[in-house]
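Encoded as structure tokens, the structure appears first; notes follow it.
Numbering (full-length UniProt numbering), first residue to last: 1 to 220.
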């Protein structure tokens, strides 16, 4: 999903802030018998990465994830400088892989009909400039072989290209999680959050301000 800057401003004097990770749990996780164990693993892994990483903030504005149209794409009319869905309507929800993104992180969305532009959804508060929203799910999606869990990102800061929203999906069954070693489950979660945060060659090659010493020999 694309991210855009919100009108919500976070006033800070420094441009280097501690990373803040906000977990959001899927209903299937919350209602699971293994929820407390998953929550402990996530909280332990989150604490590890929050202590290890800082975020270089270039703009203090919160970021909202752009809502999209049901069928077409956003257009801007010559009379109004306001992106909207034309002859279409805004999607009721936006997803990151198999999980719905909460409305509080989404942009406003307008639809235009009969020469009138109406706001269909109000703008959420957005994602703070030093924040990473972590969606946590447990679905048997892309879970082949001996895959314990997988992770990815779905949104990046429009100015720095830093991933700011991603997902960790546990492939383990409820019984397997309940029987798993607590430390091993936390270690698996740490590893997957690492991927969701963007520690991938495909992300690093597109970071505009990455220092040369962190680039690969081919310049990526």
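We treat Cβ as the ideally placed atom computed from N, Cα and C, and that holds for glycine.
For the stretch 96-138, which segments carrying the beta strand (DSSP E) assignment without a break, of at least 3 residues, lie completely within its bounds, in sequence order? The stretch 96-138 contains these whole beta strand (DSSP E) runs: 109-113, 116-121 and 131-137.
Nearest-angstrom Cα separation, counted from residue 94 out to residue 71: Answer to the nearest angstrom: the Cα atoms are 13 Å apart.
From the DSSP output, in three-state form, read off residue 196 for me. Annotated three-state conformation of residue 196 is helix, per DSSP.
Using only the alpha-carbon positions, how far apart do residue 20 and residue 50 sit? Rounded to the nearest angstrom, the two C-alpha atoms are 6 Å apart.
Which residue's Cα is closest to the Cα of residue 131: 45, 30, 56 and 38? Ranked by Cα distance from residue 131, the options 45, 30, 56 and 38 are led by 56.
Which of helix, strand or coil does DSSP assign to residue 155? Note: residue 155 maps to strand in three-state DSSP.
Rounded to whole angstroms, what is the Cα-Cα separation between residue 153 and residue 97? Annotation: residue 153 to residue 97 spans about 9 Å, alpha carbon to alpha carbon.
For residue 120 and residue 35, the rounded distance between their alpha carbons: In this model, residue 35 and residue 120 are separated by some 35 Å (Cα to Cα).
Let's test the definition: count the other Cβ atoms within 10 Å of the Cβ of residue 87 and tell me whether it reaches 16, buried, or not, exposed. With fewer than 16 other beta carbons inside 10 angstroms of its own, residue 87 counts as exposed.
Counting only the same chain and skipping the five closest in sequence on each side, list residues whose C-beta sits under 7 Å from that of residue 127. The residues are 62, 63, 105, 133, 164 and 165.
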